[in-house]
Every structure is written in C-alpha cells, then in structure tokens.
Amino acid sequence: MGIFSAAIVSPCVAAPLAGALLYISQTRDVMLGGIALFAMSIGMGVPLILVGVFEGAFLPKSGHWMRSVKHFFGVLLLAVAIWIVAPVLPVAVQMFAWAALLIGSAMVLRAIDSLPPDAGTAARLWKGVGFLALLAGTALAIGAFAGSRDVLRPLAGLTGSGENGAQAPRFTRVRNVAELDAKLQAPGRPVMLDFYAAWCGSCKEMEAFTFTDARVKAKMGQMLLLQADVTANSSEDKALLKRFSLFGPPGIIFFDRQGREVEGLRVIGYQQADAFLATLDRAAAQ
Numbered sequence: 596m597g598i599f600s601a602a603i604v605s606p607c608v609a610a611p612l613a614g615a616l617l618y619i620s621q622t623r624d625v626m627l628g629g630i631a632l633f634a635m636s637i638g639m640g641v642p643l644i645l646v647g648v649f650e651g652a653f654l655p656k657s658g659h660w661m662r663s664v665k666h667f668f669g670v671l672l673l674a675v676a677i678w679i680v681a682p683v684l685p686v687a688v689q690m691f692a693w694a695a696l697l698i699g700s701a702m703v704l705r706a707i708d709s710l711p712p713d714a715g716t717a718a719r720l721w722k723g724v725g726f727l728a729l730l731a732g733t734a735l736a737i738g739a740f741a742g743s744r745d746v747l748r749p750l751a752g753l754t755g756s757g758e759n760g761a762q763a764p765r766f767t768r769v770r771n772v773a774e775l776d777a778k779l780q781a782p783g784r785p786v787m788l789d790f791y792a793a794w795c796g797s798c799k800e801m802e803a804f805t806f807t808d809a810r811v812k813a814k815m816g817q818m819l820l821l822q823a824d825v826t827a828n829s830s831e832d833k834a835l836l837k838r839f840s841l842f843g844p845p846g847i848i849f850f851d852r853q854g855r856e857v858e859g860l861r862v863i864g865y866q867q868a869d870a871f872l873a874t875l876d877r878a879a880a881q
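Throughout, this note's numbering is defined as the position within the sequence shown, counted from one, plus 595.
Written out as structure tokens, the structure reads:
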C-alpha cells in the first residue's frame, strides 16, 4: 500500500517539498527547515498509521450515500480539468465551460425542481446550493454572450464597472534585460516591475482585485510601472527571470529612484489590496 500510495501522493507532495527544500537552501535555517520537514512527514504518516492500526474501524461504511460522494468528486474532477486547460483556452471558452459545469450541477441538485412538503433540511440546503450555482452559471453565460472577458467579474461589462476606474493601471512593457536596464537608468521615481503571464492565475487575481483598488491605483500612479510578459517563455523571458532568480510569475520587484532594487520588498504570489498598499508605501519611501 505504501508503494501504491506513493505513486498517487508524490505529485501532490513534490511542490511543497520542493518549496521547503528551497527555503532551507536560501535561509540556511537548519532548525526551522528540519521542523518543517518533520511536520510534513508526520502529517503524511500518522493518518496512514491510524488507518492501519484500527483497520478502518472508525471509517464510515459504504452505502447509498456514497453515490452523492461519487457525484461530488466527479464535479470536482471536471472543475480541475477546466482549471488545468484554462491557460490555453480563450477566456470566452473558459466562461462557457464554467457556466456549463455550474448550470449542470444546479440541475442535478434540483435547483428548479419543487421539493415535497416533507423534504428534510439537507434536501432544502442542497437545493439552495444548486440555486446559487445556477445564478453563478447564468451570470457567466450572460457575461460571455455580452462580450465580457473576465471570469472573476463576468457582469463587469454590463454594469459599466469595467470602464469606470475598475481597470488596472497601465504598464510599460519591457521585453528583455537591455530594455529593463535602459528604463532603470536614473528613473527619478520609484519603479515597480511586474512579472506577468497569460497562464498565471495569481497575476490575473492581482489585476482584477488588487491593482483596481482606488488606494492602490493612486499610489501606483506615483511610480514608473514596468511589466515583463513572460507568457511565451522565450530565451529573453528566461533571461529576465534569471536576472532576479525567479522561477516564474507572479513576482513584483521594486526599485528606488536611482534604479537599484529595494531589498526585502519583493512580492511573490497574490497579495490583497491592504497588504500590497503597505508594500507600496515602503517602496515609495525609498
């Protein structure tokens, strides 16, 4: 069982394990690194030991309820499939795919069917979940037909929020290291360099939720905004990433008025507006 479980678990564990090892190699904190690896091993091993010792005595027995579990995980697998192929699909296709999944799930949950008067609480609760899924799926479908190309805000085009201050600030694109160095020649104001890719989910979250915040936009307006689009992963893109020891987007790097990187102020991954605003304040003070 250990051999078979390793074949299934290894792909899931590889990412956090690589992250822990990378953190240890960069910080050289042996104590914290050892504790992190020990905690990971305990978290993986103890459940298997408990199941083996008690022979599944505390696990629920199979029955009719397992059909609902099967359907639930089937929907999750379909959602994961859409999420995996989303980077290579047009946004409109993504929106229709999510709409189809949500509306189909709503029908299975009897969102528009009438319940018998003696229906239990669980049936009414699932009907409510199905109704919410129906609303979300309908919003995505309407937004796609109306020309919206934002999965996270499908009705932005209809409400006009996509044109009135909800757009992210404009960036100046840099295509290679030479262009970046030219922009950093005594810029005279703080500089923000954003590494972006069309297939980067966190990059799109930053654009949709963080960069559109009015306070964040006002602070970013005081900076020189540069963006490196590494979607193609070309040799120039790889050189830009290597310049700053980045594996890929998302990554935001700040420079002072002389074009020197502000140490300890990098933003890796998604950051909410309040936290990012504090980072911008620190960068503007340099």
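All residues carry an ideal CB built from backbone N, CA and C; glycine is no exception.
It should be emphasised that the depicted structure is a prediction, and the values quoted were computed from it without experimental measurement.
When the Cα atoms are used, valine 769 and leucine 729 turn out to be separated by approximately 42 angstroms.
Annotated three-state conformation of aspartate 824 is strand, per DSSP.
Rounded to whole angstroms, the separation of the alpha carbons of leucine 820 and alanine 706 is 47 angstroms. The C-alpha of glycine 629 lies about 16 angstroms from the C-alpha of glycine 640. Scanning Leu775, Ala763, Ile698, Glu800 for the CA closest to the CA of leucine 788 turns up Leu775. The continuous stretches of alpha helix (DSSP H) do not include phenylalanine 806, and DSSP gives it neither H nor E.
Leucine 696 is not a Cβ neighbour of alanine 681, given a cutoff of 8 angstroms. With contacts defined by Cβ atoms closer than 8 angstroms, leucine 735 and proline 749 form a contacting pair. DSSP, reduced to helix, strand and coil, places leucine 836 within a helical segment of the structure shown. The segment 833 to 840 and the segment 792 to 809 do not touch, with fewer than three beta-carbon pairs separated by less than 8 angstroms. The C-alpha of aspartate 851 is placed about 8 angstroms away from the C-alpha of proline 782. The continuous alpha helix (DSSP H) containing glycine 738 extends over residues 716 to 740. When the Cα atoms are used, serine 840 and valine 646 turn out to be separated by approximately 43 angstroms. In the DSSP annotation of this structure, the continuous segment of the beta strand (DSSP E) that includes aspartate 789 starts and ends at 786 to 791. In this structure, DSSP gives isoleucine 677 a helical state, which the three-state scheme calls helix.
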